[in-house]
Amino acid sequence: MFEQTFRAIDDVLRKEAGCTTELDYTEQTSWMLFLKYLDDLERERAL
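So the sequence shown is numbered by the working numbering: it starts at 31 and just counts up by one.
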């Protein structure tokens, strides 16, 4: 699950203008993974 999520994020961010390496969007990737974690946590607690 984690690998699929990371690859999807990586594909989207790689297409952005000005992003040539993973280091260019490390902050955005970290933020998106954090938001995914919070979303999953909220869904789990809602049950």
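In this text, a Cβ means the ideal position worked out from N, Cα and C, and glycines have one as well.
Notebook entry, point to check: Of the residues Leu63, Glu72 and Ala76, which one's Cα is nearest the Cα of Gln34?
Noted result: Checked all of Leu63, Glu72 and Ala76; the closest Cα to Gln34 is Leu63.
Next item on the list: Could you spell out the range, first to last residue, of the alpha helix (DSSP H) harbouring Lys66?
Entry: Thr56 to Ala76
Note to self: For Leu43 and Thr59, which I take to be in contact (beta-carbon distance under 8 Å), what is that distance rounded to the nearest angstrom?
What the structure shows: 7 Å
Next item on the list: Following the continuous alpha helix (DSSP H) through Thr35, name the residue where it begins and the one where it ends.
Entry: Looking at the DSSP string, the run of the alpha helix (DSSP H) that includes Thr35 is Phe32 to Arg44.
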